[in-house]
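In the numbering used here, the protein residues as written are 640 to 1087.
Cβ atoms here follow ideal geometry from the backbone N, Cα and C, with glycine treated the same way.
Below: the structure, in structure tokens.
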Ligand SMILES: [Ca+2]
Ligand SMILES: [Ca+2]
Ligand SMILES: [Ca+2]
Ligand SMILES: [Zn+2]
């Protein structure tokens, strides 16, 4: 009987990722590709392009400028090997009274592996995931457990949440922890397992300097990255990293880091209509899979939280400290959750639930029968295009000191304005519902 390993705290988990205090210093790092690799093992131009795209990601996260050089003396040497396995070798020195500093990293990819053949590299592929994994090794990361590529979850995982959901350093699939999390994606009629194409939420926490009591020297984050008003997902600007363009990265498993501006997660182009459901045996091992219609998505803008889109689960995360203000939903039934800032949530087609949380939010349900959540400390929210007898108001009873009837509620708090109804619950909690009259609203209110 397989049993789950214990769950450990976020702090303990991240301490496991940070195996050493060694780190890279300075602002510029050189890299090169070994031109003297064994014949047939050499990394071709396609492979090199994918490695460079990972270095671009590391620039956007940490600000290092990566400069390509010739020869084998670079800070990062990327090498192809034939049959000796993937390896990362780092060297560091400890200057007097300081933390250890890296001065060299050699990253070897075994191109005899099918996954490492350049024709098999793409966003979401195992081979691309492995490049990110190994580059993070070269930045000082360890595996979250004492295990390697041959490990199996029930025999070797030291913590229940050691899966690829939180970190690219894990060897265990997201579904292993019994959560039912599916990263399967149907491609050309076949179900394919997808992998993260950016460092994930805990990786970013572990990379960041001083987040964890100075245990790790860590890195400052790049405060210039995408600091304008950016759109992620669909209808993105040409200059955006392709990893966040879901027309290119069409089965996205990503964590979004953004340094400022008013940003939008646009999921309007997500038309994935099937998903793969994971089934478990009584002993927690995987029993098998079934295919089902995909009808919902979850879009959660809170830092550190995951969204479930493209028929997958927990595949898009917002990094801690990253603020994404706006979201555009799919044609399916979206559950949209805002954050503590001012959000604009647009449900579009489908029966959506919109929950802006704190901040002055604008909620637009679009077609379908939509539900709008309002509660204490939600500030000034505005609902646009409320459809009488279709849309529903879900009012949290924490807005009221004492329970009351809907008629009493409307009498006490509602005021008819030219363009809609304003419900002023006091203490700055004001909900405006546009395009409706008080009398129409009564049968559309529910207390939750
Ligand atoms: Ca931005
Ligand atoms: Ca809708
Ligand atoms: Ca909000
Ligand atoms: Zn590794």
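Assigned secondary structure, residue i (DSSP; H/G/I helix, E/B strand, else coil)
i            : result
residue 755  : helix
residue 1055 : strand
residue 675  : coil
residue 974  : strand
residue 918  : strand
residue 868  : coil
residue 1075 : coil
residue 642  : coil
residue 910  : coil
residue 689  : helix
residue 937  : strand
residue 797  : coil
residue 898  : coil
residue 669  : strand
residue 1022 : strand
residue 652  : helix
residue 1045 : helix
residue 1062 : strand
residue 853  : Interpretation of residue 853 is limited by its pLDDT of 49, a score under 50 that renders its predicted location unreliable; the figure taken from the coordinates is listed afterwards. In the structure shown, residue 853 sits in coil (DSSP, three-state: anything other than H, G, I, E or B).
residue 1037 : helix
residue 877  : coil
residue 832  : strand
residue 947  : strand
residue 805  : coil
residue 1032 : strand
residue 1086 : strand
residue 790  : coil
residue 825  : strand
residue 883  : helix
residue 782  : coil
residue 812  : coil
residue 698  : helix
residue 953  : coil
residue 932  : strand
residue 926  : strand
heavy atom of ligand 1 below 7 angstroms from residue i C-beta
i           : result
residue 865 : yes
residue 900 : yes
residue 880 : no
residue 721 : no
residue 897 : yes
residue 868 : yes
Proximity test, residue i beta-carbon vs ligand 4 heavy atom, cut-off 7 angstroms
i            : result
residue 889  : no
residue 1029 : no
Buried/exposed call for residue i, threshold 16 Cβ in 10 Å
i            : result
residue 965  : buried
residue 773  : buried
residue 693  : buried
residue 597  : Summary: the structure shown does not reach residue 597, with the chain confined to residues 640 through 1087, and so no result is reported for it.
residue 982  : buried
residue 840  : buried
residue 920  : exposed
residue 853  : Interpretation of residue 853 is limited by its pLDDT of 49, a score under 50 that renders its predicted location unreliable; the figure taken from the coordinates is listed afterwards. Per the 10 Å Cβ criterion, exposed.
residue 1017 : buried
residue 728  : exposed
residue 1065 : exposed
residue 828  : exposed
residue 802  : buried
residue 833  : buried
Residue i CB to nearest heavy atom of ligand 3 below 7 angstroms
i            : result
residue 1000 : yes
residue 996  : yes
residue 974  : no
residue 977  : yes
residue 982  : yes
Whole-Å CB distance - residue i paired with residue j, under 8 angstroms assumed
i           : j            : result
residue 896 : residue 958  : 4 angstroms
residue 971 : residue 955  : Residue 971 to residue 955, Cβ: 15 angstroms. No contact.
residue 994 : residue 976  : 5 angstroms
residue 811 : residue 796  : 6 angstroms
residue 991 : residue 1009 : 5 angstroms
residue 769 : residue 725  : 6 angstroms
Residue i Cβ short of 7 angstroms to ligand 2 heavy atom set
i            : result
residue 910  : no
residue 990  : yes
residue 1006 : yes
residue 1009 : yes
residue 987  : yes
Residue i CB to nearest heavy atom of ligand 5 below 7 angstroms
i           : result
residue 670 : Within the structure as shown, ligand 5 is missing, the only ligands being ligand 1, ligand 2, ligand 3 and ligand 4.
- Task: Note down, one range per segment and in chain order, each alpha helix (DSSP H) of at least 4 residues found wholly within the segment 713 to 780.
- Result: Taken in chain order, the complete alpha helix (DSSP H) segments of 4 residues or longer contained in the segment 713 to 780 are 765 to 777.
- Tell me the start and end of each unbroken beta strand (DSSP E) in the segment 957 to 1015 that is at least 3 residues and wholly inside, in chain order. 965 to 967, 972 to 976, 983 to 985, 992 to 994, 1001 to 1003 and 1010 to 1013
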